[in-house]
Ligand code: GAR
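Numbering (this note's numbering), first residue to last: 789 to 989.
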């Protein structure tokens, strides 16, 4: 296999970053650098206080903040975010609990390179409050979906899914925690499949 592959991964977060950490840990455990020339090179957040940023810094990863509140429009935010991402020339841009709606221009710029994880069994429950809505509807099963990002929110092609039961008396928090443990399994798996595809071309 060629030693010339560079498949940089940039992760975008807004919060605790447990999916980001799962991806970074999987990248090391599964030897993505040796197998696919892939490494997580940067973590970018729209919130300076995102818990995941401190962890990323401790791991020696480059971090950056693009504060949406400091920018006048969605377009201005996305333009600055793109600039910050593109300095890393990423093969993949991975949204991991990134809670901003992206403009069609941003999505088009990263076409084929942009993926997201969503805490429901899409196409059920796009948007927010997925666990609350699943419980209210009486769903027996819930889960998470890794999907490609398109201009329509939470509607791109599905890459991986995991299913968990909804238990009697579940709270949204309890269900969210059960789903999150599965997110940490399926997100690394989906990214690994994408990397395998990239390094095969
Ligand atoms: C995850 O459950 C993820 O699926 C969800 O936010 C959480 C982030 O947790 N994403 C969305 O709701 C996207 N609309 P993390 O920061 O610990 O990875």
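We put the beta carbon where it would ideally sit given N, CA and C, even for glycine. This structure is a prediction, so every number in the text was calculated from the model and none was measured.
Can residue i and residue j be called in contact, C-beta distance under 8 Å?
i, j, result
"residue 883", "residue 930", "no"
"residue 808", "residue 799", "yes"
"residue 945", "residue 906", "no"
"residue 854", "residue 844", "no"
"residue 880", "residue 979", "yes"
Within the present structure, is the beta-carbon of residue i separated from the nearest heavy atom of the ligand GAR by less than 7 Å?
i, result
"residue 905", "yes"
"residue 884", "yes"
"residue 806", "yes"
Out of the options, which has the shortest C-alpha to C-alpha gap to residue i?
i, options, result
"residue 951", "971, 869, 960, 823", "971"
"residue 922", "967, 801, 974", "967"
"residue 973", "815, 802, 795, 803", "815"
"residue 911", "941, 866, 860, 864", "941"
"residue 1012", "960, 977, 803", "Nothing can be reported for residue 1012, as the shown portion of the chain is limited to 789 through 989."
"residue 1066", "897, 869, 893", "Residue coverage of the chain in this structure runs from 789 to 989, which leaves residue 1066 outside it and unanswerable."
So is residue i buried or exposed if we call it buried at 16+ other beta carbons inside 10 Å?
i, result
"residue 797", "buried"
"residue 835", "buried"
"residue 989", "exposed"
"residue 873", "buried"
"residue 819", "exposed"
"residue 993", "There is no way to answer for residue 993, as the model of the chain reaches only from 789 to 989."
Which residue spans inside the stretch 890 to 953 form an unbroken alpha helix (DSSP H) run of at least 4? 892 to 897, 918 to 924
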